[in-house]
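*Asks:* Per this note's numbering: the sequence shown = residues 68 to 224.
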Amino acid sequence: MQRSMPADRDLSALKLSSGMLAPAFDKATAAYTAEVPYSTERITLTPTVSAESSVAKVNGQTVSPGGSSDPIDLAVGENEISVVVRAQDASTKRYTVTVRRASAIDLEALRLSAGTLSPVFASSVAEYSATVPESTDTVTVTPIAAASTSSVRVNGT
């Protein structure tokens, strides 16, 4: 008599070190997304297998039971992370987490077509005033984004 090996290749939980899974975790759902701020440069995943005999790998690296993946570097934009669960019978199930890292929100510079900015530009300062000659009718404000992947709007346009 031969016994068949367990084929439980599900996760019972999946957690992120930053951001939240959307939709909420459900072992029947294989694709997830998460949004993280620009300041999040790395992320770890903590997969919990349903069966003790199953093994989880994140981006091809085995994760110890109860442990987290190695830190995964995040580029600005979409980053696809693969979680594969291998059951004792060698069958597998793949979960995918697409982590979207936001673009930088800092400015590198703020230029005026006329006048003087006060205080002097610093990326950590959000409010300024400008002193312009009395004869100035219009001032063009030119913001320069710190990241080439960012876009900037002035007065909503």
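Beta carbons are placed, not taken as given, at the ideal position from N, Cα and C, and that holds for glycine.
In whole angstroms, what separates the C-alpha of G144 from that of A123?
*Replies:* 26 Å
*Asks:* Who are I211's beta bridge partners in DSSP?
*Replies:* A176
*Asks:* Can you tell me where the beta strand (DSSP E) holding G144 begins and where it ends?
*Replies:* G144 to R153 is the span of the beta strand (DSSP E), which, as asked, contains G144.
*Asks:* To the nearest angstrom, report how far apart R161 and T216 are at their CA atoms.
*Replies:* 31 Å
*Asks:* Spatial neighbours of L177 within its chain, please: CB distance less than 6 Å, with the 5 preceding and 5 following residues excluded, ordered by chain position.
*Replies:* Answer for L177: F188 and P210, listed in chain order.
*Asks:* Would you mind working out which of T207, G182 and S190 sits nearest A197, comparing C-alpha positions?
*Replies:* G182
*Asks:* Starting from the C-beta of M87, find all residues in its chain whose C-beta is less than 7 Å away, skip the five residues before and the five after it, and write them out in chain order.
*Replies:* Cβ within range, chain order: A101.
*Asks:* Give the secondary structure of V166 by DSSP, where H, G and I count as helix, E and B as strand, and everything else as coil.
*Replies:* Note: V166 maps to strand in three-state DSSP.
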